[in-house]
Every structure is written in structure tokens, then in C-alpha cells.
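Report on the structure given below.
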Amino acid sequence: MSLETDVANLVTKTTDLISYFNGKKAGIDAAVAAAVAAVPAIARTFYVDGTAGDDLALGTQAAPMKTISAALSATPEGGGCVIILLKDYVLSSPLVVRNRRVTIRGDVDSELSRKLILNEYITSNGQRSMGGFQQVGSVSLELAYLTVSLPAGESSSTPINAYYSLTYAGSLGPATLAIRLFNIAFELRGTFVGKIVGPNASTVVFSVANTVIPTALEGSILPGVPAGTLPGNLSYLLTNLLKL
Numbered sequence: 033m034s035l036e037t038d039v040a041n042l043v044t045k046t047t048d049l050i051s052y053f054n055g056k057k058a059g060i061d062a063a064v065a066a067a068v069a070a071v072p073a074i075a076r077t078f079y080v081d082g083t084a085g086d087d088l089a090l091g092t093q094a095a096p097m098k099t100i101s102a103a104l105s106a107t108p109e110g111g112g113c114v115i116i117l118l119k120d121y122v123l124s125s126p127l128v129v130r131n132r133r134v135t136i137r138g139d140v141d142s143e144l145s146r147k148l149i150l151n152e153y154i155t156s157n158g159q160r161s162m163g164g165f166q167q168v169g170s171v172s173l174e175l176a177y178l179t180v181s182l183p184a185g186e187s188s189s190t191p192i193n194a195y196y197s198l199t200y201a202g203s204l205g206p207a208t209l210a211i212r213l214f215n216i217a218f219e220l221r222g223t224f225v226g227k228i229v230g231p232n233a234s235t236v237v238f239s240v241a242n243t244v245i246p247t248a249l250e251g252s253i254l255p256g257v258p259a260g261t262l263p264g265n266l267s268y269l270l271t272n273l274l275k276l
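Using this note's numbering, the first residue of the sequence shown is number 33, and each one after it goes up by one.
Okay, here's the thing in C-alpha cells:
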């Protein structure tokens with residue numbers, strides 16, 4: 033075999049090796065790209081229409097989900113989501129927020145464009161409670177550009193559940209329960225018999241901005257805290273409210 037033939041064979045083998053490597057590399061690159069694409073985004077924005085939405089939809093403005101629960105489920109633990117309400121939304125059950133940062137807001141900036149209507153329901157032990165948010169693990173909750181409509185509870189003699197509140201900590205609740213209200217108005221449909229922040233929180237961070245707490249809600253902010261209490265007297269509370 034001549035030297036020319038040996039060189040030609042070597043060149044062929046080298047070319048084949050390069051082609052093999054390039055093919056493998058392309059396959060690896062495609063697999064990595066597919067794996068990255070399959071990872072859920074940590075920060076998500078979902079649109080929710082409680083009337084015409086579909087929980088199997090993508091959650092875009094053109095294809096909104098139907099429930100806040102579906103938007104929470106589509107957000108990975110450790111991540112955060114902004115849930116934009118396209119219509120008034122009725123909540124008549126507890127929603128568990130687990131290890132997520134959640135903002136629920138109306139769809140128009142600088143306007144109270146939507147209502148979050150919180151209704152009563154009967155618990156499994158026959159007590160009254162209200163639609164709200166149970167915080168579990170590392171959680172922050174913000175409500176923005178909404179009218180929060182609170183249920184009337186004075187007309188029933190049915191016992192009230194301890195968790196009759198807008199938000200509360202579960203048995204595995206966060207070390208610090210955090211809630212922020214931004215551009216929020218409250219609608220009282222009668223006498224509110226619950227609390228804004230419910231039980232089981234070791235420490236509470238409660239921030240408000242462009243939000244007025246009605247006089248009728250004084251004494252209804254935290255369990256066991258009477259109206260007019262100065263926040264500075266509570267070692268477990270960090271808030272910019274002047275009184276409770």
C-alpha cells in the first residue's frame with residue numbers, strides 16, 4: 033500500500049470521525065435545549081377569567097385560566113406569579129399558597145377595576161369560614177388594584193371557624209406571614225366577623241400602600257387584638273398601620 037493511499041485513508045477516517053462528533057454534538061445540543069425548554073419558568077404571569085376562562089388554557093390574556101387555583105398550580109414551588117383578574121372573582125373556599133410569591137391584581141393600573149369577592153362556606157365540621165389564602169412554607173402575598181369584598185357574617189348563628197380570615201398560616205405555615213395591600217379598597221357587605229390576618233403566624237409583616245382600612249375593620253386585623261391597639265405594642269408585628 034502506497035503512502036498516498038495511507039494518507040487518503042487517514043483523511044477519510046478523520047472526516048468520518050469529525051462527522052460522527054458533529055452528529056453527536058448536535059444530538060446533545062438538541063437534548064439540552066429540549067430539557068431547558070421543559071423547565072417551568074420561575075416567574076409567571078397568568079390571566080384569570082372566572083366566567084369564561086378554562087383551566088386547561090395557557091393563561092394568556094387571549095386564553096385565560098378559569099381559577100386562581102390553576103394559576104397557582106402552574107407556578108413551580110420556589111417561584112412567583114402575577115395573577116391578573118379579567119373579571120370580578122368569587123372565592124368561596126380556602127386556597128393553599130405553598131412556597132410561592134403571589135400577586136393577585138386587577139387588570140387596569142391605577143384603577144380598582146375588579147372585585148375579589150370573598151364568600152362564606154361551611155367547613156367539614158359544620159362551622160362557618162370564608163374564602164381566603166392559607167400560607168404554607170415560604171410565601172408572600174400581595175393584592176393590588178382590587179376591591180376586596182368581605183362577607184356579612186352577623187346573620188347566622190352557626191359557629192365561626194378560627195380560620196375565618198383573608199389569609200392565615202397553616203400548621204406548616206411560614207415563620208413570617210407576609211401580606212401587602214396596594215391600591216386596595218374594602219367593601220363590607222355587612223358586619224365582618226372574621227380577621228384580615230388569621231391565626232398560627234409566629235410573626236406578621238402587614239404592609240399597606242394607597243389603601244385605607246375602614247374604621248369598621250378596626251379590631252378585625254389580627255386575632256385577639258382589640259380596636260385601637262398601637263402596632264408598636266406587639267413584638268411579633270411589623271406594619272405601617274398607625275393603629276389596629
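Even glycine gets a Cβ: it sits at the ideal position worked out from N, Cα and C. Just so we're clear, the structure is a prediction, and the values are computed from it rather than from any experiment.
Under DSSP, residue 235 takes part in a beta bridge, and its partners are 208. DSSP places residue 201 in the uninterrupted beta strand (DSSP E) bounded by 197 to 201.
Here DSSP, grouped into helix, strand and coil, assigns residue 215 to strand. By the Cβ test, the segment 153 to 171 is in contact with the segment 200 to 207, since at least three Cβ pairs between them sit closer than 8 angstroms. By a beta-carbon distance limit of 8 angstroms, residue 163 does not contact residue 177. Their separation comes to about 19 angstroms.
Annotation: residue 121 to residue 147 spans about 6 angstroms, alpha carbon to alpha carbon.
Listed as beta-bridge partners of residue 260 by DSSP are no residues whatsoever.
Bridge partners of residue 77 according to DSSP: 114. Around the beta carbon of residue 160, 16 or more other beta carbons lie within 10 angstroms, which makes this residue buried. A distance of 8 angstroms or more separates the beta carbons of residue 263 and residue 249. Assignment of residue 105 by DSSP, reduced to helix, strand and coil, places it in the helix class. Taking 8 angstroms as the cut-off, the beta carbon of residue 112 is found no closer than this to the beta carbon of residue 130.
Between the C-alpha atoms of residue 84 and residue 98 there is a straight-line separation of about 7 angstroms. Excluding residues up to 5 positions away in sequence, 172, 237 lie with their Cβ nearer than 6 angstroms to the Cβ of residue 210 in the same chain. Excluding its 5 nearest sequence neighbours in each direction, residue 127 has C-beta neighbours in its own chain below 8 angstroms: 100, 101, 104, 163, 164, 165, 166, listed in chain order.
For a cut-off of 8 angstroms, the C-beta gap from residue 252 to residue 216 is around 15 angstroms, too long to register as a contact. Between the alpha carbons of residue 142 and residue 175 lies a distance of about 13 angstroms. Residue state for residue 249 is assigned as helix, using DSSP reduced to three classes.
Rounded to whole angstroms, the separation of the alpha carbons of residue 125 and residue 255 is 20 angstroms.
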